[in-house]
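What follows is a short report on a single structure.
2 protein chains.
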Amino acid sequence: MNPEIIGISAGVLSCTTFLPQVIKTWKSGSTDDVSLIMFIIASISTTLWLAYGVLIGSISIIFTNTIVLLLTIVMLYLFYRYRNHSS
Amino acid sequence: MNPEIIGISAGVLSCTTFLPQVIKTWKSGSTDDVSLIMFIIASISTTLWLAYGVLIGSISIIFTNTIVLLLTIVMLYLFYRYRNHSS
């Protein structure tokens, strides 16, 4: 089997990792059990990956990390929006 | 600046993304707001990345995805352990 088929499948799946969390939080309106630090780390690491992708000219890295960064930004917005949910 | 410094920083940070969620859930004993589907997707994509790393012989991909997979397995165990928390 061509390793690139596995690699591309892994990449496509990685892009969508945060999507179920965004949908769940959007519906429930609660972020109480979700780690804010996880998404802060994700936003920093994804920004670094994007910078790396631009510097080495990798369309794949730029493309996948743009999607992940967008989902991370939506999650950070949801944390802000529902920040007083438990109080 | 050497792009590889940015790339390695991004990689190291990516490895630790799920760690704050594992710590938070371990302490709180609650997974109510956390998406199980997110961690199921993460476990599949990380396994695919591991297979890809083995097939192309990339130590970096094998190393980082082993750490992420271990954190994902711990999270899935916590979902199982606290599955009746809200009932």
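The listed protein sequences derive, respectively, from chains A and B.
Basically our numbering = 1-based index in the first sequence + 67.
Basically our numbering = 1-based index in the second sequence + 67.
Yeah, the Cβ is synthetic: ideal placement off N, Cα and C, and Gly gets one too.
Bear in mind that the values here come from a model prediction, so they are computed numbers and not experimental data.
- Closest by C-alpha distance to Arg150/A, out of Asp99/A, Cys82/A, Ser76/A and Val79/A, is Asp99/A.
- Burial is judged here by how many other beta carbons sit within 10 angstroms of a residue's own beta carbon; Lys91/B has at least 16 and is buried.
- Taken in chain order, the unbroken stretches of alpha helix (DSSP H) that lie wholly in the region 68-144 of chain A and span 4 residues or more are 70-82, 86-95 and 103-123.
- Residue contact with chain B for Ile108/A: present (Cβ-Cβ distance below 8 Å to some residue of chain B).
- The C-beta of Lys91/B comes closer than 8 Å to at least one C-beta of chain A.
- At a cut-off of 8 Å, the C-beta of Ile134/B has no neighbouring C-beta in chain A.
- Inclusion of Thr131/B and Ala109/B in the CB contact set at 8 Å is not warranted, their separation being larger than that value.
- Counting C-beta pairs with one atom in each stretch, the region 71-88 of chain A and the region 115-133 of chain A have three or more that are closer than 8 Å, which means they touch.
- Distance from the CA of Ser102/B to the CA of Val121/B, rounded to the nearest whole angstrom, comes to 29 Å.
- Ranked by Cα distance from Thr113/A, the first of Ile75/A, Leu136/A and Ser97/A is Leu136/A.
- Excluding its 5 nearest sequence neighbours in each direction, Leu145/A has C-beta neighbours in its own chain below 8 Å: Val89, Thr92, Trp93 and Thr98, listed in chain order.
- Taking CB atoms only, Val141/B has no neighbour in chain A less than 8 Å away.
- Between Phe106/B and Met68/B, the gap from beta carbon to beta carbon reaches 8 Å or more.
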